[in-house]
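**Student:** Quick note on the UniProt record's numbering: the sequence shown kicks off at 1 and runs consecutively.
For glycine and all other residues, C-beta sits at the position ideal for the given N, C-alpha and C.
A quick note: this is a predicted structure, and the numbers were derived from the prediction, not measured.
For reference, the structure I am asking about is given below.
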Amino acid sequence: MKEEVVYRKMVDADYQEVLEMVIETWNYREWIEKPLVKPMAEFFLCDLLVGADDVFVAVIADKVAGIVATSHEQWSRLQYVWQRRQLKALLQLAGFEDKNYIFAQYMETMNIDEELLALSGKKYGGALNLLIVKEGYQGLGIGGKLYKHFYDYLQGLGVKNFYLFTDNSSNFKFYDHKRLTRVNQKNFFWKDKDGEPHKKPEIYYLYEGNITI
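So, in structure tokens, the structure goes:
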């Protein structure tokens, strides 16, 4: 029998499952030193959650199968909780100065996102901060329904357009399928601890979409 998918607002009890989903989705354990895996993933996740004012999850059999986070304005109580967690993660990262070459590069990639947004010269009414479907639950239409929730949420607020950041290590073709426009992109070459750049770049993208009011 097909299990029911429940869509609801994220609660703090979902946090650890969502954090593990982030770690698995971007393979943190494969390219980050073990002591830094959780704090780096937590810093990334909290950065997205703190900036979001609507966070929705898909749940199957009491397990979080997907998440979508939307930003528009105004902070909730949970956003302040997530900000404190982000600061705690930052303090943990600061204790590993010899391994912080990865975190420093991660911060550079965050700057790339802001640079791409500035280069667009546009003002957007909303943003898709995060959209993940957990491995094993893909192909069930969860991503499409979470995206629709995001779209409907902004539509209900009268928002006319939105943007999102993604990269070539993510399922960026999903946004092509949704007929969003790729505004611009930039290559980034990660370096190893000796400062040697990888042969292949990670490509960061800025997409935009319009909302029918």
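Do the CB positions of A52 and A69 come within less than 9 Å of each other?
**Tutor:** Yes, the pair counts as a contact, with Cβ atoms nearer than the cut-off.
**Student:** How should P35 be labelled, buried or exposed, when 16 other C-beta atoms within 10 angstroms of its C-beta is the threshold for buried?
**Tutor:** Flag for P35 reads exposed.
**Student:** On the CB-based measure, 16 or more other CB atoms within 10 Å of its CB, does T166 come out buried or exposed?
**Tutor:** Buried.
**Student:** Out of A58, V18 and A127, which one is the CA nearest neighbour of G209?
**Tutor:** Per the Cα distances, A127.
**Student:** With DSSP collapsed to three states, give me the class of Y175.
**Tutor:** Helix.
**Student:** With a threshold of 6 Å on Cβ separation, who are the neighbours of N27 within its own chain once the five nearest residues in sequence on each side are excluded?
**Tutor:** Same-chain partners within the cutoff: there are none.
**Student:** Can you give me the C-alpha to C-alpha distance between residue 216 and L206, rounded to a whole angstrom?
**Tutor:** Here the chain has residues from 1 to 213 only, and residue 216 is not among them.
**Student:** From residue 238 to D194, what does the alpha carbon distance come to, in whole angstroms?
**Tutor:** No information on residue 238 is available, as it lies outside the stretch 1 to 213 that the chain covers here.
**Student:** Indicate the three-state DSSP secondary structure (helix, strand or coil) for P39 in the structure shown.
**Tutor:** Three-state DSSP puts P39 in a helix.
**Student:** Reducing DSSP to helix, strand and coil, say where F150 ends up.
**Tutor:** In the structure shown, F150 sits in a helix (DSSP, three-state: H, G or I).
**Student:** Given a cut-off of 9 Å, decide if V64 and V55 are closer than it, judged by their beta-carbon atoms.
**Tutor:** Cβ atoms of V55 and V64: not closer than 9 Å.
**Student:** Cα-Cα, which of N111, L116 and K200 is closest to N168?
**Tutor:** Closest option to N168, Cα to Cα, is K200.
**Student:** With a CB to CB cut of under 7 Å and the five nearest residues on each side skipped, what residues in its chain are close to I32?
**Tutor:** Closer than 7 Å at the Cβ level, and outside the excluded window around I32, lie M40 and I102.
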